[in-house]
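Chemist:
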Amino acid sequence: AMACGTPVITYNTGGCKEMITDSIGFVIDRGDKVKFLESLNEVRMKPKGYYKECCRNRAIQLYNKDERYAEYLKLYYKILNYSL
1 AMACGTPVIT YNTGGCKEMI TDSIGFVIDR GDKVKFLESL NEVRMKPKGY
51 YKECCRNRAI QLYNKDERYA EYLKLYYKIL NYSL
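Under the UniProt record's numbering, think of the first position of the sequence shown as 1, with each following residue one higher.
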């Protein structure tokens, strides 16, 4: 969703809560239907495109392809060194 410029509404569980900032969406307690609807309405009330740039920039920051490749290579080398 972020990479497409779409704001995120997610539960306060797992790793999602660390990725979402106020400028790109909302983190709500699991099962809080009232807060979900409030968050959804707040997104709808913003002008079209309000979240787009912030969401896109956050996605690029978190999911940079070259950085992810480098992290996977480090992990693989670490695993291979331990198994030798």
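Think of the CB as a built atom: it goes at the ideal place given N, C-alpha and C, for glycine as much as any other residue.
(1) Going by C-alpha to C-alpha distance, which of Gly15, Ala59, Met45 and Lys65 sits closest to Ile24?
(2) Which residues mark the beginning and the end of the beta strand (DSSP E) in which Ile9 is found?
(3) Is the region 63–77 in contact with the region 11–23, if contact means three or more CB pairs nearer than 8 Å?
(4) Report back the beta-carbon spacing between Asn41 and Ile28 to the nearest angstrom; my notes put them in contact at under 8 Å.
(5) In terms of DSSP beta bridges, what is Val27 paired with?
Modeler: Taking the coordinates as given:
(1) Ala59
(2) Val8 to Tyr11
(3) no
(4) With a Cβ gap of about 13 Å, Asn41 and Ile28 do not count as contacting.
(5) Thr10
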